[in-house]
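Peer 1:
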Amino acid sequence: MKESQLTRRIEGRVVAITGAARGIGLATAKALYRRGAKVVIGDIDGDVVARAAAEIGPDVESVRVDITDEQSFVAFLAKAEECFGPLDILINNAGIMPIGPFLEESTSLSKRVLDINVAGPMIGMRAALPGMVSRGRGHIVNVSSMAGTAPIPGGLSYGASKAAVISMTETARVEFAKSGVSFTCVLPSFTNTELVAGTAGTKFVRNLEPEEVAEGIVGAIAARKPDVYLPGILGPVARLQPVFGRKIRDFMNHMLDADKTFLTVDKSARSGYDARINSAPKAPKSTSARGVRS
Numbered sequence: 020m021k022e023s024q025l026t027r028r029i030e031g032r033v034v035a036i037t038g039a040a041r042g043i044g045l046a047t048a049k050a051l052y053r054r055g056a057k058v059v060i061g062d063i064d065g066d067v068v069a070r071a072a073a074e075i076g077p078d079v080e081s082v083r084v085d086i087t088d089e090q091s092f093v094a095f096l097a098k099a100e101e102c103f104g105p106l107d108i109l110i111n112n113a114g115i116m117p118i119g120p121f122l123e124e125s126t127s128l129s130k131r132v133l134d135i136n137v138a139g140p141m142i143g144m145r146a147a148l149p150g151m152v153s154r155g156r157g158h159i160v161n162v163s164s165m166a167g168t169a170p171i172p173g174g175l176s177y178g179a180s181k182a183a184v185i186s187m188t189e190t191a192r193v194e195f196a197k198s199g200v201s202f203t204c205v206l207p208s209f210t211n212t213e214l215v216a217g218t219a220g221t222k223f224v225r226n227l228e229p230e231e232v233a234e235g236i237v238g239a240i241a242a243r244k245p246d247v248y249l250p251g252i253l254g255p256v257a258r259l260q261p262v263f264g265r266k267i268r269d270f271m272n273h274m275l276d277a278d279k280t281f282l283t284v285d286k287s288a289r290s291g292y293d294a295r296i297n298s299a300p301k302a303p304k305s306t307s308a309r310g311v312r313s
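Residues in the sequence shown are numbered consecutively from 20, following our numbering.
1. May I have the straight-line CA-CA distance separating residue 266 from residue 284, to the nearest angstrom?
2. What are the residues that DSSP puts in a beta bridge with residue 227?
3. If you reduce the DSSP assignment to three classes, tell me which class residue 80 lands in.
4. Buried or exposed for residue 145, going by 16 or more other Cβ atoms inside 10 Å?
5. Which complete beta strand (DSSP E) runs does the region 120 to 202 hold, if anything under 3 residues is left out?
6. Return yes when the Cβ of residue 152 is within less than 8 Å of the Cβ of residue 200, no when it is not.
7. Measuring straight from C-alpha to C-alpha, what distance separates residue 129 and residue 217?
8. Curious, which full-length beta strand (DSSP E) runs of at least 3 residues does the region 51 to 108 contain?
9. Checking 8 Å against the spacing of the C-beta atoms, do residue 184 and residue 239 come in under that value?
10. Judging by CA-CA distance, which residue of 46, 41, 57 is the nearest neighbour of residue 29?
11. Using C-beta distances below 8 Å, list every residue in its chain close to residue 227, excluding the 5 sequence neighbours before and after it, in chain order.
12. So what does DSSP say about residue 275, is it helix, strand or coil?
13. Would you mind sorting residue 243 into buried or exposed? The rule is 16 or more other CB atoms within 10 Å of its CB.
14. Determine the extent of the alpha helix (DSSP H) in which residue 219 is found, giving its start and end residues.
15. Is it the case that the region 108 to 119 contacts the region 167 to 182, given that we only count it when at least three CB pairs across the two stretches are under 8 Å?
16. DSSP on residue 285, reduced to helix/strand/coil?
17. Which same chain residues, not among the five before or five after residue 18, have their C-beta less than 7 Å away from its C-beta?
18. Which of the three DSSP states, helix, strand or coil, is assigned to residue 240?
19. What residue from 31, 32, 51 has the CA that sits closest to residue 39's CA?
20. Distance check for residue 32 and residue 22, CA to CA, integer angstroms please.
Okay, here's the thing in structure tokens:
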């Protein structure tokens, strides 16, 4: 799609993005803002997301949001509508990715993965959909991962959570097919964010940059695609996996080193990220529905 068409389809639309203080979320906010979208970004790290908003542009709003808390998520979306009007697009991007041997992962961390990666997008959809359905228009984008399409040793809880995101997005698409609301599932491969710190990646498939994923999201919104694989070549591969069968799939994953990428990890390179996802930042002592103003 030509740039002029992208801009025309994005300009003026009200967008709320979670997990937007860093990585894919921040890159997506920048890409949409450049095309004239009215952007509100949210993240559990209130100070960081406020700085990110200032980096994007002077009229970008930021809100500290805990996506596992329904009241916090509702307040986040209310802020977007208070600032710019009815919400057009919700991008459920926030997520965490602990990696390593499953038996070394605590039960509390596994539950936290499901709370953030699965329950969070569900809470967001439940908060955004009533308004979208009543207006007969809207778009919900859920960021999943290629890890949700195939077994990735060392990423059991993360892969399970992303498989759930794929399922919830497709099910919502069918359930709300006559509502006027579109749904997109985004499935990137390894992307150079802090989530893959300490990993070596896979053979033959280079790591993406957050900006590449952001452009894929923008294009999917403009074209109302139900799913987008990044890089695009992985779409046919994912769809053919059931045809290949387990033996061929497992052999291909072995050839790509995908069967050990999350098990052979430089723990020191991940120490900062691991510490952060194991202990979420505490909420400010005094908060309001207005969140953090950029």
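The beta carbon of each residue, even a glycine, is placed where N, CA and C say it ideally should be.
Peer 2: On the basis of the coordinates in this document:
1. 25 Å
2. 210
3. Assignment of residue 80 by DSSP, reduced to helix, strand and coil, places it in the strand class.
4. exposed
5. 157 to 162
6. Against a cut-off of 8 Å, the Cβ pair of residue 152 and residue 200 comes out as a contact.
7. 20 Å
8. Within the region 51 to 108, complete beta strand (DSSP E) segments of at least 3 residues are found at 57 to 62, 80 to 83, given in chain order.
9. no
10. When each option's Cα is compared against that of residue 29, the closest is 57.
11. Here the set comprises 207, 208, 209, 210, 211, 249, 250.
12. coil
13. exposed
14. Neither: residue 219 is in no alpha helix (DSSP H) and is coded neither H nor E.
15. Yes: the two stretches touch, three or more of their Cβ pairs being nearer than 8 Å.
16. coil
17. Beyond the ends of the chain as shown, which are 20 and 313, falls residue 18; an answer cannot be given.
18. helix
19. The residue from 31, 32, 51 with its alpha-carbon nearest to that of residue 39 is 51.
20. 16 Å
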